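Residue numbers (our numbering): 1332 to 2157.
Okay, here's the thing in structure tokens:
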């Protein structure tokens, strides 16, 4: 086909046809909903009002879009008359302003419908629904206001051409930046009712149908993804990426903008109308049942069959006095339950869906979360044998691999973002610091509350949810080139990772025999690091295409979306997989190593040895995480720049990053293997002294400006320092009883010290040479030696670290290994 013919193609007809089709579909869905509510149930609620408002807005959007096609939407520039431009500008402005209120009204209707079910679902479902409702309306209102004031002065938004001095935001960038809010709220609305629905004790067929009805909202998310793809396509055609201060005509002056943007506009309308249709589906059961009964009653075959059935029933009733009364009683009891539900205001399921549900069969939110903590017929976490602990450990380690893979991918994407946005060294350090501030936020606010009040499983699910949201928040930062949005994304991601560690670390330590917690933790961190290493070989330059073109960063949205979806799938899998747990009573009273130990206090300081060990562990973590993070900052932000005079991320190849990640991973595997033969305190001392030696060697190499020496020193330090954190965690949790959870929270919170140390390291990198930064690392790793020295020199600390009390209490056959001396000597 020739170019002239291709340029003459118009999408206007297709757009009009699609607009009429989807608005008609949503009209019939709303009509049937109103028939169901007003004619059959004789009751309308607030959610019906909002769905009608949403459809009226959708109708207005359809009219606006059809008018826009008459004035050139979907056509190439040469087929659009200049006098049409002003009208098109005004229509485009109206459509962009109406889009978010339509979605807001639709989602508000769905969430109000959810709230009508809370009398039979519980407090948590109600709280989650109310939070989503607030987010939907606040975010929708903000986005609507931004669309209204997309230009300053406001009246310049619907003028063509723009007056001099007008400043406008690109509507495509604004639409792409708002995508995470839509996706997050869509997925939240989709997933929130699933735990309650799948927990209902109703016939399996009814449960499947019920879940499918509520899951139809997933089509809206799919349509939203398609819309985003077309928005991204349009944004790459002559759009000044990330420049919010351009004086522009909201992209109207870009070549063939109305041709490329027409599909994104069309899919925006499709999304709104499909959302309205899906919102009506759960309420259509009464009208569908009425229609089915009506058609059956008019059928001759049905009429004759019904007469035959009535005749047979009368004969049976006359010939027998047993059988039917029992069935009648069951039917009468079922109807009574249904009536009671409706009369009590809690009959939303039976009233709206015509499903007979006994209130006693509907678990409350508290029961749902107690099932998370202690599923039926599943032993306590600390009562599991070695064989029984394999399954939960496999589940958690699989999750650790996924977390590591996403972390490695995020690291690669973050490095590209720094290059494409030309971040300064100060901004890079601030980004690192904000990430580790998330550890403090999670530990000091909601994290320890969720862990203490609910369970390890609930904490892990919470962490995955926050982690996914953080990855989706990257979307506006990629589209707008916004550093504040990027930093907010890092804060949320750090908070999610910290919450995951709050749940995973004590779970792995407690799951299995009490003499192997350090080994299990090192292996879990090895699996997590393995995922990060694999990601370094999977994620390569083609993800971003041209390295110097900032517009290509928009492509990273799909990687972030894929990672977020992967985490959400993992969250659902963790929810439906039974994982054991341990409450405070189990931890306090258990006699196999995790209960509180009544050990004589130390003679000088009068403190329990378990608390002294915990204090040393927290102090070690205060030094460990800053050292590990600072090494990465030195490697990325300084050494390759100052030693080679090349740009930071150009000289740091993916292979070099993969090598560093592989060393960090291998150290934990080696430590886990050595723990089969040596005590954890011996392994900790071995790797701690190796860390000091490697750090000193790296500092010497840096002072001699030895590039290869610095690279080797990096790898050696990462290899030797990697087992310190999981080993410290395992040793510190021994003998704390019910205080294991608060102790693990304190150790994780200590990681936030990296945010402070990074600023000092950054100043050294700016003002002096690389070796001074390494000298600071030497000063940080030397105090860490105190902890293994205390464990190996002090007799009472040796006994506690070696779990001597448990070894004496357990049969010799249960020990199954011999790791050096018994630790009872002085």
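C-beta atoms are modelled at their ideal positions from N, C-alpha and C, and glycine is treated no differently.
No experiment lies behind these values; they were computed from the predicted model shown.
Original post:
When you compare only the Cα positions, how much space is there between residue 1690 and residue 1454?
Top reply: Because residue 1690 sits at a pLDDT of 38, beneath the cut-off of 50, its placement in the model cannot be relied upon, and the following sentence gives the value as read from the coordinates. Those two C-alpha atoms are separated by around 15 Å.
Original post:
What is the DSSP secondary structure of residue 1532, counted as helix, strand or coil?
Top reply: Taken through DSSP and simplified to helix, strand or coil, residue 1532 comes out as coil.
**OP:** For the alpha helix (DSSP H) containing residue 1774, list its first residue and its last residue.
**Re:** 1756 to 1775
Subject >> Delimiting residues of the alpha helix (DSSP H) encompassing residue 1469 >> reply: From DSSP, the alpha helix (DSSP H) with residue 1469 extends over 1454 to 1479.
**OP:** Kindly give me the distance between the Cβ atoms of residue 1550 and residue 1609, rounded to whole angstroms, as I take these residues to be in contact under 8 Å.
**Re:** 6 Å
Subject >> Same chain, Cβ closer than 8 Å to residue 1555, neighbours up to 5 away in sequence not counted >> reply: 1510, 1513, 1514, 1517 and 1602
Original post:
Rounded C-beta distance between residue 1388 and residue 1419? I'm assuming under 8 Å.
Top reply: Contact doesn't hold; Cβ gap of about 20 Å is too wide.
**OP:** Kindly list the residues whose CB is nearer than 6 Å to the CB of residue 1400, restricted to its own chain and excluding five residues on each side of it in sequence; keep chain order.
**Re:** 1343, 1346 and 1347
**OP:** For my contact list, residue 1995 and residue 1860 are in at a C-beta cut-off of 8 Å; report their separation, rounded to the angstrom.
**Re:** 6 Å
**OP:** Tell whether a beta-carbon distance below 8 Å holds between residue 1727 and residue 1839.
**Re:** yes
Original post:
What does DSSP give as the partner residues of residue 1482 in its beta bridges?
Top reply: 1499
Original post:
From residue 2020 to residue 2117, what distance separates their C-alpha atoms?
Top reply: If I take the Cα positions, the gap works out to 11 Å.
Original post:
Quick one: what's got a C-beta closer than 7 Å to residue 1707's C-beta in the same chain, skipping five residues either side?
Top reply: Bear in mind that a pLDDT of 47 at residue 1707, under 50, signals an unreliable position, so the number given afterwards is only what the model happens to contain. So no residue of the chain qualifies.
Subject >> Own chain residues within Cβ distance below 7 Å of residue 2084, not counting five before or after >> reply: 1953, 1956 and 1957
**OP:** Below 8 Å on the Cβ atoms is my guess for residue 1824 versus residue 1801; work out the distance and round it to an integer in Å.
**Re:** Sure, about 4 Å apart at Cβ, within 8 Å.
**OP:** Can you say whether residue 1532 is buried or exposed, counting buried as having 16 or more other CB atoms within 10 angstroms of its CB?
**Re:** exposed
**OP:** Measuring alpha carbon to alpha carbon, tell me which of 2064, 2089 and 2088 ends up nearest residue 2077.
**Re:** Out of 2064, 2089 and 2088, 2064 has the C-alpha closest to the C-alpha of residue 2077.
Original post:
Which residue comes first and which comes last in the alpha helix (DSSP H) that contains residue 2032?
Top reply: 2011 to 2034
Original post:
Given a threshold of 16 other Cβ atoms within 10 Å of its Cβ, counted over all protein chains shown, does residue 1374 qualify as buried or as exposed?
Top reply: Of the other Cβ atoms in all chains shown, fewer than 16 fall within 10 Å of the Cβ of residue 1374; this residue is therefore exposed.
Subject >> Cβ-based burial, residue 1536 [other Cβ within 10 Å; buried from 16] >> reply: Result: exposed.
Original post:
Tell me which same chain residues have a C-beta within less than 7 Å of the C-beta of residue 1715, skipping the five on either side of it?
Top reply: 1842, 1843 and 1911
Subject >> Spatial distance of residue 1614 from residue 1751 (CA atoms) >> reply: Residue 1614 and residue 1751: Cα-Cα distance of roughly 49 Å.
Subject >> Expected contact under 8 Å - CB spacing of residue 1895 and residue 1803 to nearest Å >> reply: 5 Å
Original post:
In three-state terms, what does DSSP make of residue 1881?
Top reply: Note that residue 1881 has pLDDT 46, beneath the 50 cutoff, so the model's placement of it is unreliable and no number is given.
Original post:
So, are the CB atoms of residue 1604 and residue 1357 less than 8 Å apart?
Top reply: Cβ atoms of residue 1604 and residue 1357: closer than 8 Å.
**OP:** Identify the continuous alpha helix (DSSP H) that holds residue 2068 and give its terminal residues.
**Re:** Here residue 2068 belongs to no alpha helix (DSSP H), and DSSP marks it neither H nor E.
**OP:** Compare the Cα-Cα distances from residue 1383 to each of 1826, 1359, 1725 and 1913 and report the closest residue.
**Re:** Considering only alpha carbons, the answer is 1359.
Subject >> Selection from 2120, 1962, 2114 and 1787 that minimises the alpha carbon distance to residue 2014 >> reply: 2120
Original post:
Expressed to the nearest angstrom, what Euclidean distance is found between the alpha-carbon atoms of residue 1423 and residue 1487?
Top reply: 13 Å
**OP:** Give the C-beta separation of residue 1852 and residue 2061 to the nearest angstrom, bearing in mind that I take them to be a contact with Cβ-Cβ under 8 Å.
**Re:** 5 Å
**OP:** May I ask you to verify whether the region 1401 to 1413 touches the region 1466 to 1477, counting CB pairs closer than 8 Å and requiring at least 3?
**Re:** As far as the Cβ criterion goes, the region 1401 to 1413 does not touch the region 1466 to 1477, which means the pair count is below three.
Original post:
Is the beta carbon of residue 1301 less than 8 Å from the beta carbon of residue 1505?
Top reply: Any property of residue 1301 remains undetermined from this structure, which presents the chain solely from 1332 to 2157.
Original post:
When you compare only the Cα positions, how much space is there between residue 1780 and residue 1616?
Top reply: 41 Å
Original post:
Counting pairs of beta carbons, one from the region 2021 to 2032 and one from the region 2044 to 2053, are three or more of them closer than 8 Å?
Top reply: yes
Subject >> The alpha helix (DSSP H) enclosing residue 1388, as first and last residue numbers >> reply: From DSSP, the alpha helix (DSSP H) with residue 1388 extends over 1377 to 1401.
**OP:** Please work out which residues of its chain come closer than 7 Å, Cβ to Cβ, to residue 2034, disregarding the five sequence neighbours upstream and downstream, and give them in chain order.
**Re:** Excluding residues within five positions, the ones whose Cβ falls inside 7 Å are 2102.
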